[in-house]
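Peer 1: Following UniProt numbering, the numbering of the sequence shown begins with 1 at its first residue and continues without gaps. The beta carbon of each residue, even a glycine, is placed where N, CA and C say it ideally should be. Note that the coordinates shown come from a computational prediction; the quantities given were computed from them, not determined experimentally.
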Amino acid sequence: MRISTQQYFDTSATRYTDNYSSVVKAQQQASSGVRVQTAADDPVAAQRLLMLQQQKDMLAQFSGNITSIQNTLTNEESVLTAISNTIQAGSQLALRAGGVTSDADRKSIAVEVGALEDQLLGLLNSKDSAGNYLFSGSKTDTPPYSRNNDGTYSYQGDENELSLQVSETLNVRTGDTGKTILEGAVNTSRTQSNYLAPATAPVPPAISPPLVDDHKVAISAGLVGSGIDYTKQFADGQPYKVTFTSSTQYVVTDKDNNNITSQMPGNGTFDSTKEGSASINIRGVKFDITVDLTDTATGPDADALVAGREFSLSAKPDAFNTSRTPSNTSSAQLTNGQVSSAAGYASTFPNSGVLIKFDDTDATAYKVYAQPYTANSKSIGEGVINAGTPPAPNTITAAGVTFEVSGTPNVGDQFSIGNSTQKTQNALDTLSQLRQALQQPADGIPGARVKLQDALNAAVANLTSSSDQVDNVRGSIGARQNALTVQASENTSVGLANTSTMSALANVDMGEAAINLTLQQTMLEASQLAFVKVSQLSLFNKM
């Protein structure tokens with residue numbers, strides 16, 4: 001086979017170039033320590049390296065999320081600690097007020113309670129470092145709580161708890177909502193007692209109990225001690241009627257007039273002269289009996305004073321709070337909401353509340369919408385103002401609830417209505433009720449001390465319930481922080497394994513790289529010498 005000079009030179013040049021490229025590549029590997037510099041160097045390793053790099057980037061993001069959540073939870077825990085301290089301070093004031101004997105001193109305590117109320121509202125409306133409200137859920141630009149016109153408080157956030165991913169399979173909540181922190185606190189004061197006129201006048205008539213309450217005998221509003229018994233038994237049997245047969249005996253009947261006295265501890269017997277011995281424990285609720293026997297001898301006279309008095313024991317009806325839309329052009333208010341149709345209320349009134357919007361052309365007509373209201377919302381009811389005969393007020397009815405209308409609404413006026421089922425009560429409302437109770441005069445007013453004591457007992461019990469709820473949330477924060485610590489450690493371990501695998505795939509053994517570089521340099525030098533020797537040959541050298 002004949003080989004032309006040009007062909008020989010081309011082949012030699014190609015081999016020389018290849019050898020030179022190998023030397024350059026070996027030098028790059030030795031100097032950088034990286035074996036896989038392009039996908040062509042090792043396609044399989046390059047693919048794995050790409051996947052490992054993506055995992056590395058995800059781990060970096062997870063690490064950032066963990067740091068962000070830890071900072072947020074630390075901030076939240078600090079705020080919750082302050083909230084818990086504020087609630088406990090309110091409970092201590094309620095206990096202190098129980099030993100105060102003058103209206104002036106109680107009003108002084110009411111001022112302190114009001115300060116705690118404002119402090120708690122500010123804490124619940126705390127913001128994070130980015131200016132977002134901590135406890136509004138996904139509505140981070142909306143204050144969680146606002147004070148209504150009637151002095152109650154409404155939660156304005158939502159129940160969407162934000163979370164971040166901290167591993168491929170784990171999401172952790174970044175915070176808690178006001179709904180979780182306070183709105184779930186059990187309301188232990190969701191019952192009431194009402195004095196009823198006696199059915200028959202006892203003998204002797206001269207000391208028979210009056211048809212109006214003289215507050216000589218009182219039954220407290222009651223405190224729920226067992227939520228299970230209350231739900232399963234008390235609610236179904238109410239209203240109950242308590243009839244006193246003497247100064248030491250009573251009879252209890254349920255709504256169907258069944259005598260259930262035998263279910264009461266003590267079987268209807270009490271002793272008003274001994275503390276802790278005068279109470280009615282009925283299906284998870286405790287009602288205290290107070291009998292004022294001042295200037296009345298025990299025995300027949302005391303029996304005559306007490307016997308025949310009747311009280312109704314029942315659950316408190318749902319309460320309603322209303323707020324005017326700031327854009328309203330009138331000063332009209334909707335007040336004193338009362339359920340007028342139990343069936344309509346149960347089937348129509350949404351859990352989120354309603355919006356009442358007066359017509360844009362006729363201020364006497366209105367429509368009812370479910371909250372949250374949007375331009376596309378469909379009305380769930382409508383009506384017109386019912387003009388009351390003076391002195392009766394004008395009224396409107398929405399979703400089974402009737403409200404009194406004070407003032408004259410203008411066209412386009414809107415009112416937001418929320419309801420409270422009494423099952424739960426937030427600490428803000430509890431402090432507000434405590435403050436208002438302490439502001440009411442009680443000195444020398446028959447029955448006022450009993451009402452005040454009811455308010456104090458309710459405040460202590462409900463603040464304790466709220467404190468427990470806050471402690472539960474604080475416990476969940478601790479659990480999340482522990483989970484983040486464990487996950488951070490796990491992510492670090494995965495990251496180290498990731499780095500080790502990437503190093504094994506991409507990096508070169510320096511000893512091997514040095515040997516390979518020497519080999520490639522030797523091969524290059526050999527090809528150079530061979531090319532020089534062969535290129536000097538000619539036909540005349542063979543002659």
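Could you spell out the range, first to last residue, of the alpha helix (DSSP H) harbouring Thr430?
Peer 2: Looking at the DSSP string, the run of the alpha helix (DSSP H) that includes Thr430 is Ala427 to Gln439.
Peer 1: Give the straight-line distance between the Cα atoms of Leu120 and Arg324, rounded to the nearest whole angstrom.
Peer 2: When rounded, the distance between both Cα atoms is 24 Å.
Peer 1: Where does Gly227 fall in DSSP's three states?
Peer 2: Correct three-state label for Gly227: helix.
Peer 1: Is DSSP giving Asp413 helix, strand or coil here?
Peer 2: Asp413 falls in the coil class under three-state DSSP.
Peer 1: Going by DSSP, which residues form a beta bridge with Val368?
Peer 2: According to DSSP, which records beta bridges pairwise, Val368 is partnered with Ile356 and Gly381.
Peer 1: If I follow the unbroken beta strand (DSSP E) through Ser340, where does it start and stop?
Peer 2: That residue, Ser340, is in no beta strand (DSSP E); it is neither H nor E in DSSP.
Peer 1: For Ser352 versus Gln371, is the C-beta distance shorter than 8 Å?
Peer 2: Yes.
Peer 1: Kindly indicate which residue of Gln453, Gly299 and Asn472 has the alpha-carbon position closest to the one of Thr101.
Peer 2: The residue with the shortest Cα to Cα distance from Thr101 is Gln453.
Peer 1: Threshold first: 3 residues or longer. Then list the beta strand (DSSP E) segments lying entirely within the segment 245 to 307, N to C.
Peer 2: Listed in chain order, the complete beta strand (DSSP E) runs (minimum 3 residues) inside the segment 245 to 307 are 250 to 253, 279 to 282 and 285 to 291.
Peer 1: Specify the secondary structure class of Glu490 as computed by DSSP and reduced to three states.
Peer 2: Three-state result, Glu490: helix.
Peer 1: Report, in whole angstroms, the separation of the C-beta atoms of residue 544 and Ala399, which I expect to be a contact under 8 Å.
Peer 2: Lying before the first or after the last residue shown, residue 544 is absent from the chain, which here runs from 1 to 543.
Peer 1: Please report the distance separating the alpha-carbon of Ser465 from that of Pro239.
Peer 2: Going by the C-alpha atoms only, they are around 25 Å apart.
Peer 1: Does the segment 423 to 433 come into contact with the segment 176 to 194, if we say contact requires no fewer than three beta-carbon pairs (one atom in each stretch) closer than 8 Å?
Peer 2: Yes: the two stretches touch, three or more of their Cβ pairs being nearer than 8 Å.
Peer 1: So what's Lys139 in DSSP terms, helix, strand or just coil?
Peer 2: DSSP places Lys139 in coil when its eight states are reduced to three.
Peer 1: Whole angstroms is fine: what's the gap from Thr152's alpha carbon to Ile289's?
Peer 2: Roughly 30 Å between the two C-alpha positions.
Peer 1: According to DSSP, simplified to helix, strand and coil, what is Gly131?
Peer 2: Gly131 falls in the coil class under three-state DSSP.
Peer 1: According to DSSP, is Val100 helix, strand or coil?
Peer 2: Coil, per DSSP.
Peer 1: Give me the residue from Leu93, Asn267, Gly98 and Lys127 with the minimum Cα distance to Val111.
Peer 2: That would be Leu93, whose Cα lies nearest to the Cα of Val111.
Peer 1: Using only alpha-carbon positions, find the residue among Lys451, Asp443 and Ala319 that is nearest to Leu434.
Peer 2: That would be Lys451, whose Cα lies nearest to the Cα of Leu434.
Peer 1: According to DSSP, is Phe311 helix, strand or coil?
Peer 2: Strand at Phe311.
Peer 1: On the DSSP bridge list, what partners appear for Glu404?
Peer 2: Per DSSP, Thr335 and Thr395.
Peer 1: Please report how far the alpha carbon of Ala365 lies from the alpha carbon of Ser246, in whole angstroms.
Peer 2: Spanning the two alpha carbons is a distance of roughly 55 Å.
Peer 1: Terminal residues of the continuous beta strand (DSSP E) containing Asn194?
Peer 2: Per DSSP, Asn194 belongs to the beta strand (DSSP E) from Thr191 to Leu196.
Peer 1: Considering Cα atoms alone, identify which of Val354, Ile385 and Tyr195 is closest to Asp362.
Peer 2: Taking only the C-alpha atoms, the option nearest Asp362 is Ile385.
Peer 1: So, for Ile66: in the same chain, excluding its five sequence neighbours on each side, which residues have a beta-carbon less than 7 Å away from its beta-carbon?
Peer 2: Around Ile66: Val166, Leu484, Gln487 and Ala488.
Peer 1: Going by the beta-carbon positions, is the gap between Thr81 and Asp128 smaller than 8 Å?
Peer 2: Contact: no.
Peer 1: Hey, how far is the Cα of Ala458 from the Cα of Asp213?
Peer 2: Straight-line Cα distance between these residues: approximately 23 Å.
Peer 1: What does DSSP give as the partner residue(s) for Leu164 in the beta ladder?
Peer 2: DSSP lists Val172 as partners of Leu164.
Peer 1: Identify every residue that forms a DSSP beta bridge with Ser146.
Peer 2: For Ser146, which the question treats as bridged, DSSP gives the partners Ser154.
Peer 1: To which residues does DSSP link Gly114 through a beta bridge?
Peer 2: Paired residues: none, contrary to the question.
Peer 1: By the three-class DSSP mapping on this structure, what secondary structure does Thr180 have?
Peer 2: It is helical.
Peer 1: Note the first and the last residue of the continuous beta strand (DSSP E) segment covering Ala319.
Peer 2: Its beta strand (DSSP E) spans residues Ala319 to Arg324.
Peer 1: Count the other CB atoms within 10 Å of the CB of Phe540; is the residue buried (16 or more) or exposed (fewer)?
Peer 2: Any reading at Phe540 must be qualified, since the residue scores a pLDDT of 49, below 50, and its modelled position is unreliable; the value itself is stated next. Flag for Phe540 reads exposed.
Peer 1: So, for Gly447: in the same chain, excluding its five sequence neighbours on each side, which residues have a beta-carbon less than 8 Å away from its beta-carbon?
Peer 2: Taken in chain order, the residues that qualify are Asp213, His215 and Ala218.
Peer 1: Can you have a look at Asp468 and say buried or exposed, based on whether 16 or more other CB atoms are within 10 angstroms of its CB?
Peer 2: Flag for Asp468 reads exposed.
Peer 1: Among Phe270, Thr248, Gly266 and Val242, which one has its Cα closest to the Cα of Asn258?
Peer 2: Selected option, being the one with the closest Cα: Val242.
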